[in-house]
Every structure is written in structure tokens, then in C-alpha cells.
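S.K.: To convert, note that position 65 of the sequence shown is 64 in numbering that gives the first Met the number 0; the numbers rise steadily by one, no gaps.
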Amino acid sequence: MTTTASAPTLESGAPRRRSPRRRLIVVGALVAVLAGYSAWTNLRPLTLSATIEVDATSEQVWSVLADLDAYAEWNPFIVSSSGELEVGSTVRHVIRSGDGTTTFTPTVLAVEPGRELRWVGRVPPGGVFDGEHSFTIEPLGPNRVRLKQTERFAGVAVPIASGFLKRDILPRFEAMNRALAEQVARHGRG
Numbered sequence: 000m001t002t003t004a005s006a007p008t009l010e011s012g013a014p015r016r017r018s019p020r021r022r023l024i025v026v027g028a029l030v031a032v033l034a035g036y037s038a039w040t041n042l043r044p045l046t047l048s049a050t051i052e053v054d055a056t057s058e059q060v061w062s063v064l065a066d067l068d069a070y071a072e073w074n075p076f077i078v079s080s081s082g083e084l085e086v087g088s089t090v091r092h093v094i095r096s097g098d099g100t101t102t103f104t105p106t107v108l109a110v111e112p113g114r115e116l117r118w119v120g121r122v123p124p125g126g127v128f129d130g131e132h133s134f135t136i137e138p139l140g141p142n143r144v145r146l147k148q149t150e151r152f153a154g155v156a157v158p159i160a161s162g163f164l165k166r167d168i169l170p171r172f173e174a175m176n177r178a179l180a181e182q183v184a185r186h187g188r189g
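#1: When you compare only the Cα positions, how much space is there between LEU45 and ARG151?
#2: Does the separation of the CB atoms of GLY130 and VAL119 fall below 8 Å?
#3: Can you name the residues that DSSP bridges to LEU156?
#4: For ASP68, does the three-state DSSP call read helix, strand or coil?
#5: Can you say whether ALA55 is buried or exposed, counting buried as having 16 or more other CB atoms within 10 angstroms of its CB?
#6: Assuming LEU146 and THR50 are in contact, meaning their beta carbons sit under 8 Å apart, how far apart are those beta carbons, in whole angstroms?
#7: Could you give the uninterrupted runs of the alpha helix (DSSP H) lying entirely in the segment 92–139, keeping only those of 4 residues or more?
#8: To which residues of the same chain is ARG91 closer than 6 Å at the C-beta, ignoring the five residues directly before and after it?
#9: Just verifying my parser: in three-state terms, what is the DSSP assignment at SER161?
#10: Should ARG171 go down as buried or exposed, given a rule of 16 or more other Cβ atoms within 10 Å for buried?
#11: Starting from THR46, follow the beta strand (DSSP E) in both directions and report where the run begins and ends.
#12: Could you tell me the distance, in whole angstroms, from the CA atom of GLY189 to the CA atom of GLU72?
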């Protein structure tokens, strides 16, 4: 003799509904999993970094880096930029990536002429895909500096995009660093 299980039914033959408490437990578990994933992605950011040594002073490198209006002339990555480099201000960048251009408007976090420029961009509402981008200039000698371009990506979408970021964005950081060094050399000769 074989028996089969069936859904519990009421006397009327209608299936019994799950209790509100059980639904609450399921929703609570789902919220806990999503919150845990969100925390994990924000505690384990992806950091990309590209460094170049430039035969120039910190001031010469800063002069090219801080001239946002001239980016269209030499920058292969941030192909257009505008705004004021003041802490708390918003700048507008158009970047070129493998599939075209994207406009974003990060908030400036640090402006230390000859030393550091840093901003943060967020996909609203924040925590989805945030990128804190920095340029640091480190003197190595009287006429030589190290320029380091770094971006720290955090948010729930970063694990999904990490392959693209490493494959497409990191080489663009490197190309921008090389182009900046060439622009500094042209400025120095000008």
C-alpha cells in the first residue's frame, strides 16, 4: 500500500494558508541574508591601483591633474571634466570605457595641491556601487615623483562587476597615468 502526502486542507477542502508568523520568519531570514551580503560587500572592497614615476616636480604634475578643462586634450580615460576642485563640491566627469562613455558626478573629498586629489561617486542610494578615487603624488627626488591612481569600489554590485573593473577600468587608469606623464613633459617643454 502506497500513501501520498497532500497539503493540509480545511474541512471545506480548501488548502490551509501558511501562518503570518511563518511568513514573517521567511521575510526576516531573507532580510538577514541581504543585510549580511550588503555588509560583506562593503567590508571587502575591490581596490584597483596604477602607479607611474614622472620626471617632474609635484607642482608640475598637480598643474596638469588639476586642470579639468584640459582633460579633453590629453586624457584617454576621463575625456571631459568640469567643476571646481573644492572639498564638498561636485565635479562632472565623462569617462570612456569599453562600451562607450558614462557621465558621473562625484563629490570632492580632498584637495591638497601637489599631494592628493580624492573624490567619491555613488550609485544612488549608496551602498550599491560606490567608488572612492584618489590621486596621490609622492616626491622621490628633486625632479621626480610617483603618481598613484587608486579606486576603492564597494557595494552590493561590485562582486558582479569585479571582472569588468579589472579587465577594462584598470588598463584605463594606466593609460591615463601615461598620458598625464606625457602631458607634464609637454608642459615642461612649453
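We put the CB at the ideal spot given by N, CA and C, even for glycine.
M.R.: Let me lay it out:
#1: What you label residue 45 is simply residue 46 of the sequence shown in a count that begins at 1. What you label residue 151 is simply residue 152 of the sequence shown in a count that begins at 1. Taking the straight line joining both Cα atoms gives about 6 Å.
#2: Stepping through the sequence shown from its first residue, residue 130 is reached at position 131. Stepping through the sequence shown from its first residue, residue 119 is reached at position 120. In this structure, the beta-carbon distance from GLY130 to VAL119 falls below 8 Å.
#3: The residue labelled residue 156 in the question sits at position 157 within the sequence shown. The sequence given here has Ala at residue 156, not Leu. Bridge partners of ALA156: none, in fact.
#4: For the purposes of this step, residue 68 is identified with residue 69 of the sequence shown, where counting begins at 1. Residue state, collapsed to three classes: helix.
#5: Translated into the one-based positions of the sequence shown, residue 55 becomes position 56. With 16 or more neighbouring CB atoms inside 10 Å of its own CB, ALA55 falls in the buried class.
#6: The count along the sequence shown starts at 1 and reaches residue 146 at position 147. The count along the sequence shown starts at 1 and reaches residue 50 at position 51. Contact holds; Cβ gap of about 7 Å.
#7: Listed in chain order, nothing qualifies, since the segment 92–139 has no complete alpha helix (DSSP H) run of 4 or more residues.
#8: As a first step, residue 91 must be located in the sequence shown, where it is residue number 92. Cβ contact annotation for ARG91 (same chain, cutoff 6 Å, sequence separation greater than five): SER81, GLY82, THR104, in chain order.
#9: Here residue 161 is taken as the residue at index 162 of the sequence shown, counted from 1. Three-state DSSP puts SER161 in a helix.
#10: Working through the sequence shown from its first residue, we reach residue 171 at position 172. It counts as buried.
#11: Along the sequence shown, one-based indexing puts residue 46 at 47. Residues 45–53.
#12: For the purposes of this step, residue 189 is identified with residue 190 of the sequence shown, where counting begins at 1. For the purposes of this step, residue 72 is identified with residue 73 of the sequence shown, where counting begins at 1. Summary for GLY189: the model assigns pLDDT 47, below 50, so the residue's position carries little reliability; its value from the coordinates is reported in the next sentence. Approximately 15 Å between the Cα atoms of the pair.
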